[in-house]
Amino acid sequence: GMKVEEHDEL
Amino acid sequence: MNIFRLAGDVSHLVAIIILLLKIWRSKSCAGISGKSQVLFALVFSTRYLDLFTVFVSVYNVVMKVVFLALSYATVYLIYMRFRNSYDSENDTFRVEFLLVPVIGLSFLENYAFTPLEILWTFSIFLEAVAIMPQLFMITKTGEAESITTHYLFFLGLYRALYIANWVWRYHMEGFFDQIAVVSGVVQTIFYCDFFYLYVTRVLRGKGKMSLP
Chain A
522 GMKVEEHDEL
Chain B
4 MNIFRLAGDV SHLVAIIILL LKIWRSKSCA GISGKSQVLF ALVFSTRYLD LFTVFVSVYN
64 VVMKVVFLAL SYATVYLIYM RFRNSYDSEN DTFRVEFLLV PVIGLSFLEN YAFTPLEILW
124 TFSIFLEAVA IMPQLFMITK TGEAESITTH YLFFLGLYRA LYIANWVWRY HMEGFFDQIA
184 VVSGVVQTIF YCDFFYLYVT RVLRGKGKMS LP
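Chains as they are written, first to last, in this note's numbering: chain A, 522 to 531; chain B, 4 to 215.
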């Protein structure tokens, strides 16, 4: 899933 | 971090540097869409606002700062330093036709209705279509210099490697970023036609790529 406000990709 | 992600980021960096060096060395931005480059600067500016809020890694921070700096340098070279060579007559793609739907979609489809998340989503959707003014320009003039095509090749390669990265992450980490994956796949499809021309005309032929 996707944790909001933690986008680790560029 | 996996090898596809790293290779994707490196391809992205190579693409940006190829374009910047081409403009710098030839002192000309002929054949380059300034509009696409402004859109990419906007993509980085709205996506990397989290530089101020979260710390992911040193790699993450350095790459974000480098991408931001290089994208603004490219825009500066096109519109200021070498603006005499800017081919505005052929850079006529109507950017508002991209921006309006992209702004609308980012308000409708996002992970959280907060300013940073909406801007992040906006940047993801905008990146998917930001190359369209450049592709439109090539279609309009019917040709592209080989360095411009190398730039587009590495941009497309970056997208393809990111898809491999998502397949890897889905299987290894159970990670699935629906917004990034869907728009990333759409974005990669835009490059398929170009990839075909690149392989058949640029790599097998030499010099410029001209359209039939």
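Where is the CB? At the ideal position from N, CA and C, for every residue including glycine.
Q. Between V184 of chain B and the ligand HEM, is the CB less than 7 Å from at least one heavy atom?
A. Of the ligands one can find in the structure shown there are none, so the ligand HEM has no counterpart to examine.
Q. Is the CB of V13 of chain B under 8 Å away from at least one CB in chain A?
A. No, its Cβ sits nowhere closer than 8 Å to a Cβ of chain A.
Q: May I ask you to report which of helix, strand or coil DSSP gives S36 of chain B?
A: In the structure shown, S36 of chain B adopts coil according to DSSP, grouped into three states.
Q. Shortest alpha-carbon distance to K211 of chain B belongs to which of B:E112, B:V59, B:E148, B:T49?
A. The option with the nearest alpha carbon to K211 of chain B is B:E148.
Q) Can you give the Cα-Cα distance for A167 of chain B and D196 of chain B, rounded to whole angstroms? A) Taking the straight line from one Cα to the other gives about 19 Å.
Q) Any idea which residues DSSP pairs E146 of chain B with across the strands? A) Answer is B:S213, bridged to E146 of chain B.
Q) Could you give the distance in angstroms between the alpha-carbon of Y114 of chain B and the alpha-carbon of F85 of chain B? A) The alpha-carbon of Y114 of chain B is positioned some 41 Å away from that of F85 of chain B.
Q. Secondary structure at L102 of chain B, three-state DSSP: helix, strand or coil?
A. DSSP, reduced to helix, strand and coil, places L102 of chain B within a helical segment of the structure shown.
Q) Skipping 5 residues on each side, what residues in its chain have a beta carbon closer than 7 Å to that of V41 of chain B? A) If we look at V41 of chain B and ignore the five residues flanking it on each side, its Cβ neighbours are V78.
Q. List, in order along the chain, the chain A residues whose C-beta lies closer than 9 Å to that of M66 of chain B?
A. For M66 of chain B, the chain A residues whose Cβ falls inside 9 Å of its Cβ are L531, in order along the chain.
Q. Start and end of the alpha helix (DSSP H) containing T95 of chain B?
A. Careful: T95 of chain B lies outside any alpha helix (DSSP H) and carries neither H nor E.
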